[in-house]
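Residue numbers (the working numbering): 4 to 689.
Glycine residues also receive a C-beta, built at the ideal position from the N, C-alpha and C atoms.
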């Protein structure tokens, strides 16, 4: 039995003739000067998009009403909402758009664009805006666009560079593929060099660095031969001095954190949003993630941010067949995409982020790791925080925690260390106005500020900390947002050392880059923030490298000999030992305070941190070697080793939860829904 589709229209809306509803075939013609005004779509269908979709039976009236209500409080377009929720197929949507705007849908795969026109606007700009300058015919440039409203908003910029323009419709994925087919190499080169040379590790002088290290080693060797006691005394003085300085900084930061908590109690945490919720793009770099893809989708599906405003990009390397094969077996929802990064001279996380940034459509950009499990309301908190924050607050950093703190002793200590840093120290550094070294995950930045900073340094293995410094140099601030992301604790000794050596290597390289012009750094961020920068970057690495020198002083407490023993008689030796004890006591107190609510079972383990940090000494010396031998080598951390049993119940979707997946197949039936109620919101649909 055949079913005739029921077509509906709003009361008072003129019916369009059947001939006008068919897509207009694309026939380029030569435009004469006297008919240039006809290039604008003056014959646009007067019916709103929602009415056209209703007339075609392409959308359920109830779903359309929901989408219109959502549109009033969100920045997403009606078509984006309908697609993200799975309430309309892409074919039906673009068929309706072509009729509304009296234009044609073009197949860029069959009819590729002119690369010279893309270069006129810039491939990165075209990707960000979702437009593709196609071809020029008779003085008119035809531009493919996914969303007509965006094309109209960009018409002025397009005509300034290209002259008279006319719109063609093309799905956004097809626009992206067409741009990649013509300008892929240019995009990846830009990802590697987008940061100015004076702020990038790629311009380091290897010959100069080698000469400096050779001179230092020669001086130490000569000094130990001629005056060993004096050299040991100077090295000890340096180690003890930086220990005192970093301890004071940690104490001041912890004090500022406590004061901030008392002040925050008077602030209502649930202040409402007066403006529309923004689109947030979050990039998830993945490399050799064999057994994480399915759990990742389940974790991110728990987010309760509107799907049409959620833009998740899974970033994988072109040569990473392991991750790509794993993703092929997972059905991704419409709001999650895979971005493949072309191979190149380096293979680092910041390079991949820079490349994937071209595909982000959000005004807020975030980063998660592949094993992360963010809180369901995290994106709401981020959007609200940045909305109410002053413009100079460019970035917010969330806290990190672990979902496997009971795996072994190393996992317990790692959890204590992370909790102390993200809950006890980092909020205080932000309140003190010092440089906030961003974490590699759960930070969100305004896109305009990220563009001004030049993106990430593709050659820096701690791109997050470096970005935090460059934001501070531009006058921006980073604040801490009250949200937590859980990830997997790296709780095997050798992988832990590899991961920590990469961090310390990046800290040292970041310090070296920003110390190329010390006076300029002081002028841009101020004196005390510069002091804090030295203590966080240089002193941290130096403390771990010289830790054996400090440990040697414990020999004095048991009556054993020490080369500096004669100098340590009396009050000086007592002062040195007291400094060590106070530093360790502060570490224990901050760690216990940080886990008192989240992991109280770890409080008795806090004193064992003294046995945990010696691993970082090995990592520091490994980092020192790699700075010279392999400065851009990314020591990969394997994820998904310990989270199977621990996280199984948390990764599962709640009962009744659905993941909206893009359905690209035509509907089985063209029968329209039975409801016939007219839908009006503010007098229009779409």
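Under the three-state reduction of DSSP output, residue 152 falls in the helix class. For a cut-off of 8 Å, the C-beta gap from residue 296 to residue 333 is around 5 Å, short enough to register as a contact. Under DSSP, the beta-bridge partners assigned to residue 317 are 287, 341. Assignment of residue 435 by DSSP, reduced to helix, strand and coil, places it in the coil class. DSSP places residue 304 in no alpha helix (DSSP H); its state is neither H nor E. Taking the C-beta atoms as reference points, residue 234 is found no nearer than 8 Å to residue 241. Closest option to residue 492, judged by alpha-carbon separation, among 478, 375, 321, 78: 375. If you compare the alpha carbons of 353, 304, 503 with that of residue 417, the shortest gap goes to 503.
Within the stretch 439 to 482, the alpha helix (DSSP H) runs of at least 4 residues that lie entirely inside it are, in chain order, 450 to 456, 466 to 476. Rounded to whole angstroms, residue 563 and residue 543 show a C-alpha spacing of 29 Å. A distance below 8 Å between beta-carbons, with the five flanking residues on each side excluded, links residue 153 to the following residues of its chain, in chain order: 132, 133, 134. In this structure, residue 365 places its C-beta atom within 8 Å of the C-beta atom of residue 281.
By alpha-carbon distance to residue 286, the top candidate from 179, 446, 184, 325 is 446. Burial of residue 318 is indicated by the presence of at least 16 other C-beta atoms within 10 angstroms of its C-beta. Between residue 118 and residue 185, the alpha-carbon positions lie close to 6 Å from each other.
Across the structure, residue 438 and residue 529 are spaced so that their CA atoms are roughly 10 Å apart. Exclusion of the five residues before and after residue 500 leaves 618, 621, 622, 625 as the residues of its chain whose Cβ lies within less than 7 Å of its Cβ. The secondary-structure analysis by DSSP pairs residue 369 across a beta bridge with 285, 447. Exclusion of the five residues before and after residue 305 leaves 379 as the residues of its chain whose Cβ lies within less than 7 Å of its Cβ.
DSSP places residue 535 inside the alpha helix (DSSP H), whose first and last residues are 530 to 548.
Membership of residue 131 in the alpha helix (DSSP H) is indicated by the continuous run 126 to 132. Going by C-alpha positions, residue 411 is about 19 Å away from residue 597. For residue 401, the enclosing beta strand (DSSP E) stretches over residues 396 to 405. Rounded to whole angstroms, the separation of the alpha carbons of residue 515 and residue 484 is 30 Å. Annotation for residue 169: no alpha helix (DSSP H) segment contains it, though the beta strand (DSSP E) segment containing it runs 168 to 172. Looking at the DSSP output, residue 377 sits in a beta bridge with 488. Residue 220 sits exposed, since fewer than 16 C-beta atoms from the chains shown fall within 10 Å of its C-beta. Put simply, of 95, 331, 309 the residue whose alpha carbon is nearest the alpha carbon of residue 75 is 309.
In the structure shown, residue 145 falls within a strand segment according to DSSP collapsed to helix, strand and coil.
Residue 545 places its beta carbon less than 8 Å from that of residue 245. For residue 139, DSSP records a beta bridge to 144. The three-state secondary structure of residue 198, taken from DSSP, is coil.
Contact between the stretch 520 to 535 and the stretch 421 to 438 is present: three or more C-beta pairs spanning the two stretches fall below 8 Å. Between residue 167 and residue 146, the gap from beta carbon to beta carbon reaches 8 Å or more.
Between the alpha carbons of residue 573 and residue 260 lies a gap of roughly 37 Å. DSSP places residue 77 within a strand segment (E or B) once states are collapsed to three.
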